[in-house]
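Each residue of the sequence shown is one higher than the one before, starting from 1 at the first, in the UniProt record's numbering. Below: the structure, in structure tokens.
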Amino acid sequence: MMLWGVASLVPGLTPLSAPPEISPIDWLMWVSVPGLVLFTAASVMMFLLHRRRPSAMLVSLLTAYALLAEAMIAGMSQLNWHLSWWEWHILLTLAFVFVAYSAYLQFRREGSSAGLFDSVALSGTVARIRRDYDQALEEMVEHVRRGEPLAAARLSGKFRLNEGQVAVLDRAGEALAHERELSQRLSALVEVSAQTRIGLPEDELLTASLDRARQAYGDVKIALVSGGKTQVGSREYQFKDGNPIRRDGLLAFPLTVKGNLAGVLEVPVGGTRQDEALAATLAGQLSISLENARLYRELDTLFHQYMSPDVAHALLADPSQAELGGQLKELTALFADLKGFTTFSEKVSPGEIVEMLNRYHTAAVPCILNNGGTIVQFVGDALLALFNAPATQAGHAHAACRAALAMQRAAAEVAEEMSWKREDGIEWPTFRVGVNTGPALVGNIGSPELRGFNAMGDCVNVAARLQGIAEPGTVVIGETTLRQLGDGVKVKPLGPLSLKGKEELVTAYVLTDLQ
């Protein structure tokens with residue numbers, strides 16, 4: 001190219017540099033300008049694409065466009081185009097032979113003509129191609145999951161794949177499908193293990209676990225022991241040494257609670273030993289969840305029969321809260337006992353005493369619990385309830401007074417009912433209630449062997465003293481409690497009172513109404 005340029009452009013060196021015999025054509029140069037601009041722009045675009053995605057195809061196209069631009073420049077001068085047109089044709093032919101050879105090399109390397117010119121594509125086209133391939137891969141994986149052989153062959157026409165590529169994609173898709181299935185089953189195991197929580201009934205636990213397991217394991221079934229039989233539909237299972245049973249394309253695993261057979265888990269047989277191991281792990285996890293659910297139910301029932309729900313839930317969630325110790329906290333204490341209990345006890349049998357106490361407490365306890373109170377002890381005919389302990393409670397003074405008034409109304413109904421039923425004229429006892437607000441030490445008191453949740457302090461002592469001076473059927477509150485009640489409260493002042501164990505006088509009020 002350099003020699004040809006010297007021979008055809010240096011004046012007087014050769015006949016090739018002589019001017020043409022015909023006059024130049026003016027419009028030919030202007031027609032060549034758009035071609036020059038477009039070929040130059042194409043060369044720049046190929047160069048920029050090559051910097052981002054290096055490719056032999058881009059290099060060959062860059063060369064071809066550069067030669068086309070050079071041909072346009074040579075033609076614009078009109079000095080020797082009529083003598084050297086064959087030179088440009090040869091150069092352009094070589095350029096596109098270079099393009100063809102690059103395509104051939106890529107075809108030999110890839111084994112397919114698909115994607116030969118992908119490197120030339122713009123970013124938007126590349127993104128669209130990638131989306132198509134991703135969608136195709138997802139489609140292939142779905143085919144594999146449904147057990148359809150040669151899933152990649154379905155896509156070979158769309159993407160012009162050869163047999164080798166189809167086989168590779170089939171193996172890759174199958175491996176990916178197995179990987180996803182394993183991931184889903186492991187995820188299901190984690191979620192099933194997380195199902196067990198405080199207060200979740202056994203049937204809800206099994207329903208939630210079954211729904212999640214079916215998403216990963218297929219048509220899973222669970223049946224609990226009923227009437228001494230372990231049966232799923234018409235299939236009855238008798239396990240030996242805890243080993244699974246294979247029957248009708250199904251694997252049955254025993255579910256155990258405390259070492260005893262509690263149910264059966266039926267899982268479709270998998271294609272690998274790994275599937276069987278995962279199914280066995282699922283059965284073990286369900287056994288643990290089932291045992292935990294039953295244990296929590298037993299503990300929950302037991303705790304709620306002997307302590308307030310707030311204390312029971314706190315201990316079940318965090319057993320460390322049962323440790324000895326306490327903290328200073330503002331609370332409202334409610335003391336209540338039955339006036340006339342001693343006289344009543346002297347006139348009736350022990351069985352009637354227990355019946356009377358149970359009737360009164362059955363009416364009073366819901367009044368306290370429904371207002372957020374915690375009953376910490378029953379002592380004979382008396383009870384102590386705390387508000388704002390152990391659970392924090394806004395407006396605890398208001399809640400305690402509301403509970404006290406509700407207790408008196410419920411107790412009055414019980415007394416009226418029983419007095420009407422009895423014909424011996426024995427008068428039933430009547431509640432009297434004392435409420436006081438202030439700081440107290442709250443926590444677990446006792447010994448390492450036996451302890452109880454309680455509150456100690458002047459606030460609690462004053463509540464007990466106020467209950468002692470209350471008339472039957474009334475509620476007496478302290479001054480601190482009254483200040484926290486705000487507007488809408490009706491009281492009768494009792495004035496400064498001298499209470500047992502208190503050097504200073506205590507101002508008290510009879511609570512008659514509360515809005």
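Even glycine gets a Cβ: it sits at the ideal position worked out from N, Cα and C. Predicted, not measured: the structure shown is a model, and the values here were computed from it.
What's the C-alpha gap between alanine 394 and isoleucine 245?
57 Å
Please report the distance separating the alpha-carbon of valine 33 from that of leucine 94.
Roughly 24 Å separates the two Cα atoms.
Compute the distance between the beta-carbons of glycine 249 and proline 268, then report whether it is under 8 Å.
yes
Please report how far the alpha carbon of valine 97 lies from the alpha carbon of proline 11, in whole angstroms.
34 Å
Name the two residues that bound the continuous beta strand (DSSP E) containing isoleucine 426.
Counting along the chain, isoleucine 426 falls outside any beta strand (DSSP E), and DSSP gives it neither H nor E.
Which listed residue (Arg131, Ser193, Gly5) has its alpha carbon closest to that of alanine 283
Ser193
Sequence-distant residues of its chain with Cβ nearer than 6 Å to methionine 456 (five each side left out):
Leu441
At the level of alpha carbons, what is the spacing between isoleucine 129 and tyrosine 65?
25 Å
Return the chain-ordered list of same chain residues with a C-beta closer than 6 Å to the C-beta of valine 126, the five sequence neighbours on each side being excluded.
none
Is it right to say histidine 398 is buried, meaning 16 or more other beta carbons lie within 10 angstroms of its own, or is it exposed?
buried
In three-state terms, what does DSSP make of threonine 481?
helix
Measure the C-alpha to C-alpha separation of tryptophan 428 and valine 232 and round it to an integer number of angstroms.
58 Å
Three-state secondary structure (DSSP) at asparagine 388?
coil
Just how far apart, CA to CA, sit glutamine 184 and cysteine 459?
58 Å
Going by other Cβ atoms of all chains shown within 10 Å of its Cβ, with 16 needed for buried, is tyrosine 101 buried or exposed?
exposed
Are the beta-carbon atoms of glutamate 434 and leucine 466 separated by less than 8 Å?
The sequence given here places glycine at residue 434; glutamate does not occur at that position. Cβ atoms of glycine 434 and leucine 466: closer than 8 Å.
DSSP three-state assignment for glycine 468, whether helix, strand or coil
helix
Using a 10 Å radius around the Cβ and a threshold of 16 neighbouring Cβ atoms, would you call arginine 432 buried or exposed?
buried
Which class does glutamine 377 belong to by DSSP, given the choice of helix, strand or coil?
strand
Taking only runs of the alpha helix (DSSP H) that begin and end inside the region 168 to 233, which ones reach a length of at least 4 residues, in chain order?
202 to 217
Pull up the CB-CB distance for leucine 290 and leucine 251, whole angstroms please, since I reckon it's below 8 Å.
Between leucine 251 and leucine 290 the Cβ distance is about 18 Å, and since that is not below 8 Å, they are no contact.
Start-to-end residues for the beta strand (DSSP E) that takes in glycine 325
325 to 339
Determine which residues share a DSSP beta bridge with leucine 441 and list them.
Leu328, Met456
Residue burial classification, methionine 2 (beta-carbon count within 10 angstroms, cutoff 16)
Answer is exposed; the Cβ neighbour count stays below 16.
Could you tell me how far apart the beta carbons of alanine 385 and glycine 373 are, in whole angstroms, since I believe they sit closer than 8 Å?
Sure, about 4 Å apart at Cβ, within 8 Å.
Using 10 angstroms around the beta-carbon of proline 201, count the other beta-carbons present and answer buried if the total reaches 16, otherwise exposed.
exposed
Who are the Cβ neighbours of residue 523 in its own chain at under 6 Å, not counting the five residues just before and after it?
An answer regarding residue 523 cannot be provided, because it is not within the stretch 1 to 515 covered by the chain.
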